[in-house]
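Going by our numbering, the letters in the sequence shown line up with residues 160 to 412, in that order.
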Amino acid sequence: MPMMFIGHGSPMNAIEDNRFTRTWRDMVKEIPKPDSIVSISAHWFTKGTKIMNEENPKMIYDMYGFPEKLYEVRYDAPGNPMLAEDVKRLISRPNEFDNSWGIDHATWVVLVHMYQKRDIPVFQISIDAAAPPAVHYQIGKELKSLRQQGVLLFGTGNIVHNLRRVDASMRGKGFDWAYRFDDYIKDSIENKKYEDVVDYMSLGETARLAVPMPDHFNPILYILGAADQEDEVSVYNNSCLAGSVSMTSYLFQ
Numbered sequence: 160m161p162m163m164f165i166g167h168g169s170p171m172n173a174i175e176d177n178r179f180t181r182t183w184r185d186m187v188k189e190i191p192k193p194d195s196i197v198s199i200s201a202h203w204f205t206k207g208t209k210i211m212n213e214e215n216p217k218m219i220y221d222m223y224g225f226p227e228k229l230y231e232v233r234y235d236a237p238g239n240p241m242l243a244e245d246v247k248r249l250i251s252r253p254n255e256f257d258n259s260w261g262i263d264h265a266t267w268v269v270l271v272h273m274y275q276k277r278d279i280p281v282f283q284i285s286i287d288a289a290a291p292p293a294v295h296y297q298i299g300k301e302l303k304s305l306r307q308q309g310v311l312l313f314g315t316g317n318i319v320h321n322l323r324r325v326d327a328s329m330r331g332k333g334f335d336w337a338y339r340f341d342d343y344i345k346d347s348i349e350n351k352k353y354e355d356v357v358d359y360m361s362l363g364e365t366a367r368l369a370v371p372m373p374d375h376f377n378p379i380l381y382i383l384g385a386a387d388q389e390d391e392v393s394v395y396n397n398s399c400l401a402g403s404v405s406m407t408s409y410l411f412q
């Protein structure tokens, strides 16, 4: 099964028809329909590694101050408790089931465009806030066998994500350091130098500006961990906006 990392951007993308959302709809035309989706979401950033295992995971609106129409979006896909058991066994480090969270907007903002029928089981794995990059990469390696079971591994975040530096006047442009970091990651992925992505902090100040917190960056590490050297990598939505957010997305197949 192919894999994806999606730069999800603003929650408003759930209800907008724009170049990003149109691209998301096009991406799924390139791959077989998955049997299940396992999402590694930037917005489930926890102490330790958590896994959802409900039959029907709740959908949550983990954002504030947006138009009422956004809170009317529904993404009530089923869960997959049996697959969640497999995921728990595959991850070698301590982990636990936890249904206190739900399918958050980093996941449903994208899936509402990709799989509009909401008929594919989906659940999330959390990101351990205390774990270093190499641990997230290793978990990805441990999840790799799920690709043989028709499971879409789905990372959702943003390669560059610094909300303190957002400049709305820049709209479809990025700061030089944002492009520099986004291009470094893209070049490393396209050349299969995944260890360079794990070692992204070697870029010093550029990395600190692009990734002030690792929540939105770490999902790509899980996807790279599960990648094969033979995977073809396609790049979508390769752009920055508002100065300090990258929408760049990747499809591995």
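The beta-carbon is built from N, C-alpha and C at its ideal position, and this holds for glycine as well. It should be emphasised that the depicted structure is a prediction, and the values quoted were computed from it without experimental measurement.
Annotated three-state conformation of G402 is strand, per DSSP. Its chain contains D341, I344, S405 and T407 as the residues whose beta carbon lies nearer than 6 Å to that of I318, once the 5 sequence neighbours on both sides are disregarded; these appear in chain order. Boundaries of the alpha helix (DSSP H) harbouring K300: P292 to L302, taken from the DSSP string. Straight-line measurement puts the Cα of I298 at about 16 Å from the Cα of F282.
K209 sits in a strand when the DSSP states are folded into three classes. From the listed residues A385, V269 and E255, the smallest Cα separation to D185 is found for V269. With a contact defined as Cβ atoms closer than 8 Å, F411 and M162 qualify at about 4 Å. Each of S393, M241, G331 and E349 was checked against the Cα of Q308, and the nearest Cα belongs to M241. For E349, same chain residues with a beta-carbon under 8 Å away, outside a window of 5 residues either side, are V392 and V394 in chain order. Contact between A366 and N321 is ruled out by a C-beta separation of about 11 Å, above the 8 Å threshold. For Y296, the closest alpha carbon among the candidates W203, D358 and P371 is that of D358.
Cβ contact annotation for N212 (same chain, cutoff 6 Å, sequence separation greater than five): P240, A243 and F256, in chain order.
If the five residues before and after G402 are omitted, its C-beta is found closer than 8 Å to the C-beta atoms of R324, V325, D326, M329, K332, G333, F334 and A337, all from its own chain and listed in chain order. Here DSSP, grouped into helix, strand and coil, assigns Q283 to strand.
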